[in-house]
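S.K.: Here my numbering is used: position 16 in the sequence shown is 11, and no number is missing along the way.
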Amino acid sequence: MNKLALIALAICTTAWATAQPAIKPPKGRIAIVADGNSPDPDDLGGTAISIALLRASGLEDRLVHYSHSCDLVRVNRISEAAEYERHAMMQTACDGTARRWGGFENLTFFDAKWQLDDTIKDLSKAINASTADDPLWIIEAGEPDIIGFALDATPKEKHQFVKVVTHHPANDDAGDFYSWQDILDFGVEEVRIPDQNINLKVDESQWDWAKNHPDHRVQFVWLMGKMAEIDDVVKFQKGKWDCSDAGMVLYLITGATNGGLKQGSVQQVKTILEYFIKDNS
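1) For the structure I just gave you, are there three or more beta carbon pairs, one from the stretch 141 to 151 and one from the stretch 224 to 244, closer than 8 Å?
2) Would you decide whether Tyr61 is buried or exposed? Buried here means 16 or more other CB atoms lie within 10 Å of its CB.
3) What does the alpha-carbon distance come out to for the pair His104 and Thr42?
4) Does DSSP put Ile285 in a helix, in a strand, or in coil?
5) Give the straight-line distance between the Cα atoms of Lys206 and Trp236, rounded to the nearest whole angstrom.
6) CB-CB under 8 Å to Thr266, same chain, minus the five flanking residues each way: which ones, in chain order?
7) What number of angstroms, rounded off, separates the C-alpha of Glu135 from the C-alpha of Asp274?
8) Can you tell which of Arg72, Ala169, Val264 has its C-alpha closest to the C-alpha of Val244?
9) Can you have a look at His211 and say buried or exposed, based on whether 16 or more other CB atoms are within 10 angstroms of its CB?
10) Just verifying my parser: in three-state terms, what is the DSSP assignment at Trp202?
11) With 16 as the cutoff for other CB atoms within 10 Å, does Arg81 come out buried or exposed?
12) Since Leu67 and Pro20 are thought to touch, with beta carbons under 8 Å apart, how far apart are those beta carbons, to the nearest angstrom?
13) Taking Lys273 as part of the alpha helix (DSSP H), name the residues at either end of that continuous run.
14) Which of helix, strand or coil does DSSP assign to Leu1?
15) For Trp109, is the classification buried or exposed, using 16 other Cβ atoms within 10 angstroms of its Cβ as the cut-off for buried?
16) Considering only residues of the same chain and omitting the five flanking positions on each side of Ser260, which have a CB-CB separation below 7 Å?
17) Rounded to whole angstroms, what is the Cα-Cα separation between Val216 and Gly31?
18) Using beta-carbon positions only, say whether Val59 and Ala124 come within less than 9 Å of one another.
19) According to DSSP, is Ile44 part of a helix, a strand, or is it coil?
20) Among Gly170, Phe181, Glu138, which residue has its Cα nearest to the Cα of Phe156?
21) Excluding sequence positions up to five away, which residues of its chain have a Cβ less than 8 Å from the Cβ of Val186?
What follows is the structure, encoded as structure tokens:
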């Protein structure tokens, strides 16, 4: 009897550990502003996971803006040629993930630096559509400048319906045109969660499940993160698979300020993606 009880407990524990996190997003739409053309290539994996998570949780229609390469002034730590390469890789991470996972056919993934005016206009449009019942959650996955330009181009009365999600001062303090305080001075709501690198910048082996996955959609996501690992601009990604910025998406889709996962894990990302793959093979 004791053995049976132990077996039952083990089964229940395993089921609990692999249960899909509750998908309970707050009301409103989502905008994501990422970099990836800066020295740190982590946005390659972060972008792929963010797009896949939104699709897997059935929230692809909530994404009304996505822009990448928002580092508007190149620094000497990355060469002009390497940055050019990153723009192409980030566009591939966006378009390639979106095409394979589906559901984003009506969304344009903007290159913020190379399509600056169109990017600002698109984010401004999303801000202008915001109301108390339909706020805009902007995920700051890069420098704050694009967010600042869009806020500056929109009526102040709309800013009360904008929430900016951040997890790291390295993004907040990296603006060339706007500081983090400038962003807050527009009257938006700051939504700050802990550093997502803690659980989502991990040893590469923790993503072997995706590398060896039978489904090409998961394999593609893994490949985007691997591109960052083999990048030759910085050394701190070596041996790591990093989707840290996607932790903000995980937080949002699981409840945000109403009990969302403030410190998401690889296992939780895996579970959400695999539930979707199982139902959409």
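Glycine included, C-beta positions come from ideal geometry on N, C-alpha and C.
M.R.: According to the structure shown:
1) No, because fewer than three Cβ pairs between the stretch 141 to 151 and the stretch 224 to 244 fall closer than 8 Å, the two stretches do not touch.
2) Buried is the call here.
3) This sequence places Phe at residue 104; His is not what is there. Phe104 and Thr42 have their C-alpha atoms roughly 11 Å apart.
4) The shown model of the chain, from -4 to 276, leaves out residue 285, and the question about it has no answer.
5) Rounded to whole angstroms, Lys206 and Trp236 show a C-alpha spacing of 11 Å.
6) Thr13, Ala14, Gln15, Pro16, listed in sequence order.
7) So the alpha carbons of these two residues sit roughly 31 Å apart.
8) Nearest C-alpha to Val244: Val264.
9) In summary, His211 is exposed, with fewer than 16 beta-carbon neighbours lying within 10 Å of its beta-carbon over all protein chains present.
10) Note: Trp202 maps to helix in three-state DSSP.
11) With 16 or more other Cβ atoms within 10 Å, it is buried.
12) At roughly 30 Å, the Cβ-Cβ gap does not stay under 8 Å, so Leu67 and Pro20 are not in contact.
13) That run of the alpha helix (DSSP H) goes 261 to 274.
14) Residue placement at Leu1 cannot be trusted, given a pLDDT of 45 that sits under 50; the coordinates are not used to answer.
15) Burial check for Trp109: the Cβ neighbour count within 10 Å stays below 16, so the residue is exposed.
16) For Ser260, same chain residues with a beta-carbon under 7 Å away, outside a window of 5 residues either side, are Asn194 in chain order.
17) Distance from the CA of Val216 to the CA of Gly31, rounded to the nearest whole angstrom, comes to 16 Å.
18) Between Val59 and Ala124, the CB-CB gap stays under 9 Å.
19) Helix, per DSSP.
20) Nearest of Gly170, Phe181, Glu138 to Phe156, Cα basis: Phe181.
21) Here the set comprises Trp132, Lys158, Val159, Val160, Thr161, Ala251, Thr252.
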